[in-house]
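Asker: Going letter by letter, the sequence shown gives residues 0 to 527 in numbering that gives the first Met the number 0. Ideal placement from N, C-alpha and C gives every residue a C-beta, glycine not left out.
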Amino acid sequence: MVNLTTFQVLTLVGNILSMSMAGGLAFSVLVQPQRKFNNVVFASFSIIMGVWALTSILINTPPGWSNIEPDLLLRVRVTVQGLLVLTYYLFVISFIKPSGRIVRVLTVGAGFVGLFALVVIWSGSMYTNPNAIAELDGTRAELTPIGYVALGAAMVYLGLTFWFIWSSAKQQAVMLRLPTVLLLVAYGSLIPRDTTVAAFDTFLVTISAVWIGWSVLRHQVFNPLNELNAEMRTANRDMQQVINDLAQEKSRAEALNVDLRAANTYKSEFLANMSHELRTPLNSIIGYSELLSKGIYGSLNEKQSDRMEKIYRNGAQLLDLISDILDLNKIEAGKLRLETELFEVLPLAQAVMERYQARATEKGLTLSHNVPPDLPRLYGDAMRVRQMIEKLVDNGVKFTKVGSVTVEARAVAVVKGIVASSAPSGFTLPTIGWLRDGQWVVFTIIDTGIGIAPENQARIFDEFAQVDGSRTREFGGTGLGLAITQRLVAMHDGVIWVKSRVDEGSTFFVALPADVKESQPAALMTNP
């Protein structure tokens, strides 16, 4: 049994620790999710370091413990020492990414240097007495001149690696400065007396490798976490700023809403007061002009009758405009009441005909209605329903030059979203489910006027909507009639729609529910 000295035991233990750490470093880096090139190179660096430690163990074991030829051990050891330098160079290049043509040249040259070193080592030209490595009495294997060249080339690459690291201001380069110094010291200890018996060089390489491994892990794991935390802090600050801005905008919006409500209240009060102030003299003008036209205050000649009729007609139009503005304002404010009752449809249609017959006759139009007397009674505000039909007839008469304006009404039963077979022939809904199931009375106002283009049909129920600038200037109108009609229809839980073709006329449909019970409230209001 061979007794080992304390120095030999420490050397063996140190190399075993170095080999274990090398395996652990390689494993730790390779298991990272970021499988980058520098990870692979550093893992190779760690494995080579482990082989270096293994050769140190085999070299420093007593004779008879290993059957490996000393020459082979020496060649393997020197090979891994050279490969360690080249792999470390490649690792640094991929880790800190220095730029410049010299970097590319040296990287390509590293392959040739490695090939040259392998030829020198394995051809037996590196050492003069390779077998001396097995001696434990302190004898060393001496380098040949070409061996010094090979070792010098390795030291040059190690020095260049250190220069790249030292000249770079990148954080990952700063982290590698001290471990690179340790590598330089470890390789420097090999120059005067090649392979020392002690594990000094292996210890330095191991410490350097552990330091480098920690730098790699910190850069790839902890630095991204720190950056993520910094980004999260920045995002939180930005989010807090957005929240503060939103709170300020909300405060401004609330203040603006208060101002808008106040302005709307002032507008409503102004319109109510102005409409009252305007209606009073207008009613006097309309009333007296009507009396004068009828000859109550004496007969008028033809010219006077014509002028008086124009005064009466324009005064009535102005009164209608004021009434429209006031009605629309009340609807928007939710203050328009519906005085509901049961009423017949036929008398309502006849009253509309009487009002517009003179205007239609004056334009040479045929104004007629087709309303059967047996229609179901409607439950709603008779005056407002009449107002709906009047607005539609007024539009028909206004925008029709030649032809007719016809008002029809029919009872329609809707079952499963479609018109029942018992309904009048030819009437269909635009789509299934257009009207809810139940009994309806559908008014149809048909004219042969200018028609409405498809692109304008979607906005004709908007306030002050004009179908066409030139035509509305020709025919007049404020664009309030259809807007008021649509809102009054909605207040009665009804539906309004239109079919029209340019230059062929328009057909407006107003569907009102006919199955409303008399037990419903006597008055309805729009929702504020």
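Hey, G448 and S505: beta-carbon distance below 8 Å or not?
Answerer: As a working note, residue 448 is residue 449 in the sequence shown. As a working note, residue 505 is residue 506 in the sequence shown. In this structure, S505 lies closer than 8 Å to G448 by Cβ.
Asker: Would you say the region 392-399 touches the region 436-455, given that touching needs at least three Cβ pairs under 8 Å?
Answerer: With the cut-off at 8 Å, the region 392-399 and the region 436-455 touch.
Asker: Kindly list the residues whose CB is nearer than 8 Å to the CB of V497, restricted to its own chain and excluding five residues on each side of it in sequence; keep chain order.
Answerer: Sequence index remark: in the sequence shown, residue 497 carries index 498 (1-based). Cβ neighbours of V497 beyond the five flanking positions: I451, Q456, I459, S505, T506, F507, F508.
Asker: On a CA-only basis, which of Y87, L150, A359 is nearest V118? Give me that one, please.
Answerer: Within the sequence shown, the letter at position 119 stands for residue 118. Comparing Cα positions, the closest option is L150.
Asker: Considering only residues of the same chain and omitting the five flanking positions on each side of Q537, which have a CB-CB separation below 7 Å?
Answerer: The requested residue 537 is not part of the displayed model; the chain covers only 0 to 527.
Asker: Taking C-alpha atoms, which residue in D244, K96, S17 lies nearest to I47?
Answerer: The residue you call residue 47 lines up with position 48 of the sequence shown. Per the Cα distances, S17.
Asker: Does DSSP put P107 in a helix, in a strand, or in coil?
Answerer: Sequence index remark: in the sequence shown, residue 107 carries index 108 (1-based). The sequence shown places Val at residue 107, rather than the Pro named in the question. Correct three-state label for V107: helix.
Asker: Helix, strand or coil: which one does DSSP assign to F161?
Answerer: Position 162 of the sequence shown, counted from the start, is the residue given in the question as residue 161. Looking at F161 - three-state DSSP - the assignment turns out to be helix.
Asker: Quick one: grab the DSSP three-state call for F533.
Answerer: Nothing can be reported for residue 533, as the shown portion of the chain is limited to 0 through 527.
Asker: Tell me which residues share the same chain as A482 and place their Cβ nearer than 8 Å to its Cβ, disregarding the 5 neighbours each side in the sequence.
Answerer: Against the sequence shown, residue 482 aligns to sequence position 483. Cβ within range, chain order: L327, F460, D461, E462, F463, A464.
Asker: Spatial neighbours of A513 within its chain, please: CB distance less than 7 Å, with the 5 preceding and 5 following residues excluded, ordered by chain position.
Answerer: On the sequence shown, residue 513 is found 514 positions in, with the first residue counted as 1. P375, L377, A410, Q438, W439, V440, listed in sequence order.
Asker: Quick check on Y147: buried or exposed, where buried means 16 or more other Cβ atoms within 10 Å of its Cβ?
Answerer: Taking the first residue of the sequence shown as position 1, residue 147 is located at position 148. By the neighbour-count rule (16 or more Cβ atoms within 10 Å), Y147 is not buried but exposed.
Asker: Can you tell me where the alpha helix (DSSP H) with L391 in it begins and where it stops?
Answerer: Start at 1 with the first residue of the sequence shown, and residue 391 comes out as number 392. Where L391 is concerned, the enclosing alpha helix (DSSP H) stretches over 381-397.
Asker: Return the first residue and the last residue of the alpha helix (DSSP H) that K309 is part of.
Answerer: As a working note, residue 309 is residue 310 in the sequence shown. Residues 301-332.
Asker: Would you give the residue range spanned by the beta strand (DSSP E) that R376 belongs to?
Answerer: By 1-based counting over the sequence shown, the position of residue 376 is 377. Looking at the DSSP string, R376 is not in any beta strand (DSSP E), and its letter there is neither H nor E.
Asker: Which of the three DSSP states, helix, strand or coil, is assigned to W439?
Answerer: To locate residue 439, count along the sequence shown from 1; it is residue 440. Of the three classes helix, strand and coil, the one that applies to W439 here is strand, per DSSP.
Asker: By a C-beta neighbour count over all protein chains shown, 10 Å radius and 16 as the cutoff for buried, is D193 buried or exposed?
Answerer: In the sequence shown, counting from the first residue as 1, residue 193 sits at position 194. The predicted model places D193 with a pLDDT of 44, which falls under 50 and marks its position as unreliable; any figure quoted below should be read in that light. Answer is buried; the Cβ neighbour count reaches 16.
Asker: How is T365 classed by DSSP in three states: helix, strand or coil?
Answerer: For the purposes of this step, residue 365 is taken as residue 366 along the sequence shown, with counting starting at 1. Three-state result, T365: strand.
Asker: Kindly identify the DSSP beta-bridge partner or partners of R575.
Answerer: The requested residue 575 is not part of the displayed model; the chain covers only 0 to 527.
Asker: Cutting at 6 Å between CB atoms, please list the residues of its own chain near T405, excluding the five before and the five after it.
Answerer: Reading the sequence shown from its first residue, position 406 is the one you call residue 405. Hits under 6 Å: S367, I445.
Asker: Have a look at the DSSP bridge pairing and note the partners of S403.
Answerer: Here residue 403 is taken as the residue at index 404 of the sequence shown, counted from 1. Bridge partners of S403: T365.
Asker: Within its chain, find whatever has a CB closer than 8 Å to the CB of H491; leave out the 5 residues flanking it on each side and keep chain order.
Answerer: Translated into the one-based positions of the sequence shown, residue 491 becomes position 492. These residues qualify, in order along the chain: L337, G379, D380, R383, V384, L511, P512.
Asker: Between I495 and the rest of its own chain, which residues show a CB-CB distance below 6 Å, the 5 nearest in sequence each way excluded?
Answerer: For the purposes of this step, residue 495 is taken as residue 496 along the sequence shown, with counting starting at 1. Closer than 6 Å at the Cβ level, and outside the excluded window around I495, lie Q485, V488, V509.
Asker: With 16 as the cutoff for other CB atoms within 10 Å, does T264 come out buried or exposed?
Answerer: The residue labelled residue 264 in the question sits at position 265 within the sequence shown. Exposed is the call here.
Asker: In angstroms with no decimal places, state the Cα-to-Cα distance between S167 and A254.
Answerer: As a first step, residue 167 is located in the sequence shown; it is residue number 168 there, counting from the start. As a first step, residue 254 is located in the sequence shown; it is residue number 255 there, counting from the start. Their Cα atoms are separated by approximately 58 Å.
Asker: Excluding the five sequence neighbours on either side, which residues of its own chain have a C-beta within less than 7 Å of the C-beta of L175, listed in chain order?
Answerer: Here residue 175 refers to the residue found at position 176 when the sequence shown is read from its first residue. Hits under 7 Å: V91, I164, I211, S214.
Asker: Which value, in whole angstroms, describes the spacing of the CA atoms of S19 and S43?
Answerer: Stepping through the sequence shown from its first residue, residue 19 is reached at position 20. Stepping through the sequence shown from its first residue, residue 43 is reached at position 44. Straight-line Cα distance between these residues: approximately 15 Å.
Asker: Roughly how far, in whole angstroms, is the beta-carbon of L72 from the beta-carbon of L57, given that I think they are within contact range, below 8 Å?
Answerer: Residue mapping note: residue 72 aligns to position 73 of the sequence shown, counting from 1. Residue mapping note: residue 57 aligns to position 58 of the sequence shown, counting from 1. Right, their Cβ atoms sit about 6 Å apart.
Asker: Once you ignore the five residues that flank R500 on each side, which residues in its own chain have a CB closer than 7 Å to its CB?
Answerer: Taking the first residue of the sequence shown as position 1, residue 500 is located at position 501. The answer, listed in chain order, is G450.
Asker: Looking only at C-alpha atoms, which of Q240, E308, V102 sits nearest to T160?
Answerer: Looking up residue 160 in the sequence shown gives position 161. Of Q240, E308, V102, the residue nearest in Cα terms is V102.
Asker: What is the rounded straight-line gap between the Cα of P372 and the Cα of V401?
Answerer: Counted from its first residue, the sequence shown places residue 372 at position 373. Counted from its first residue, the sequence shown places residue 401 at position 402. Spanning the two alpha carbons is a distance of roughly 29 Å.
Asker: Using a Cβ-Cβ cut-off of 7 Å (strictly less than) and excluding sequence neighbours within five positions of E389, which residues of its own chain qualify?
Answerer: The residue labelled residue 389 in the question sits at position 390 within the sequence shown. Excluding residues within five positions, the ones whose Cβ falls inside 7 Å are V351, R354.
Asker: Taking the C-alpha atoms as reference points, what is the distance between S267 and L259?
Answerer: Here residue 267 is taken as the residue at index 268 of the sequence shown, counted from 1. Here residue 259 is taken as the residue at index 260 of the sequence shown, counted from 1. Taking the straight line from one Cα to the other gives about 12 Å.
Asker: Taking DSSP as the reference, what is the three-state secondary structure of R458?
Answerer: Within the sequence shown, residue 458 is the residue found at index 459, counting from 1. In the structure shown, R458 sits in coil (DSSP, three-state: anything other than H, G, I, E or B).
Asker: Which residues does DSSP pair with V413 in a beta bridge?
Answerer: As a first step, residue 413 is located in the sequence shown; it is residue number 414 there, counting from the start. Answer is V418, G437, bridged to V413.
Asker: What span of residues does the alpha helix (DSSP H) with A168 cover, start to end?
Answerer: In the sequence shown, counting from the first residue as 1, residue 168 sits at position 169. It is not in any alpha helix (DSSP H) - A168 carries neither H nor E in the DSSP assignment.
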